[in-house]
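Okay, so here's the structure we're looking at.
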Amino acid sequence: MADERTAQCLCGAVRLQISGLSPDIHACHCENCRRHSGALGMTVIVPHDAVIVHGGESVSTYQSSDWAARSFCSRCGSGLWYRFTEPGDQADYFLSAGLLDDLRGLKLTQEIYYDRKPDAWAFAGNTQKLTGAEVEALYAASPKE
């Protein structure tokens, strides 16, 4: 069942109210996520209309690829979210899971770009594991508005 949570960056300049949060955490092993986070991307996916951002003046955004951008707090540097760049700013938020004030009840359910995972780590438990080619095929098949 979806629920409501709050989140914030390290310094508290950016605060978020999130509704309809799914209990699923996703891990991404791609090079961009590793470089952005220093390890891997751990995100929760939140619909664009389910996030209220307070302190938006402290949000900076970097176009990290031809099709996506990453936002961070310009004061403390905390990674905030990743979003596909779509016309009309309707993209979901791939919100950094570590920003959440309460992580109870969340579970790692999916690892993507699994074929690029470094040998240095492995997660316990059963997760859906998708290679980079599988992920890219899924997004290519998704209807664009």
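When we follow the UniProt record's numbering, the leftmost residue of the sequence shown carries the number 1, and every step to the right adds one.
Here a beta-carbon is modelled for each residue, glycine too, at the ideal position from N, C-alpha and C.
Element boundaries [alpha helix (DSSP H), containing residue i]
i: S19; result: That residue, S19, is in no alpha helix (DSSP H); its beta strand (DSSP E) goes R15 to L21.
i: S37; result: E31 to S37
Identity of the residue in the options nearest residue i by Cα
i: C76; options: R83, E4 and R15; result: R15
i: V59; options: E134, A50 and R70; result: R70
i: I25; options: D119, A122 and E111; result: E111
i: T127; options: N32, A133, A120 and Y114; result: Y114
i: G56; options: C73, A97, S64 and D49; result: C73
i: K107; options: A68, G125, K117 and D101; result: G125
i: C33; options: G20, A120 and S64; result: S64
i: W121; options: C28, A13 and G20; result: C28
i: R5; options: Y62, T43, A13 and L103; result: L103
i: T109; options: S22, A13 and A7; result: S22
i: S19; options: A50, H36, A7 and R35; result: A50
CB contact flag (residue i, residue j, <9 Å)
i: G38; j: Y82; result: no
i: V46; j: Y93; result: yes
i: C11; j: L99; result: no
i: G105; j: C30; result: no
i: T85; j: W67; result: yes
Paired residues, beta bridge with residue i - DSSP
i: H26; result: T43 and Q110
i: D3; result: L21
i: T71; result: Per the sequence shown, the amino acid found at residue 71 is Ser instead of Thr. Note: S71 sits in a beta bridge opposite T61 and W81.
i: Q8; result: R15
i: L100; result: A7
i: L138; result: According to DSSP, L138 bridges with nothing at all.
i: Q128; result: Q110
Residue range of the unbroken beta strand (DSSP E) whose run includes residue i
i: F94; result: Y93 to S96
i: H48; result: First-last for H48: undefined, no H or E at that position.
Supposed close pair residue i, residue j - CB separation, criterion 8 Å
i: A97; j: H48; result: With a Cβ gap of about 18 Å, A97 and H48 do not count as contacting.
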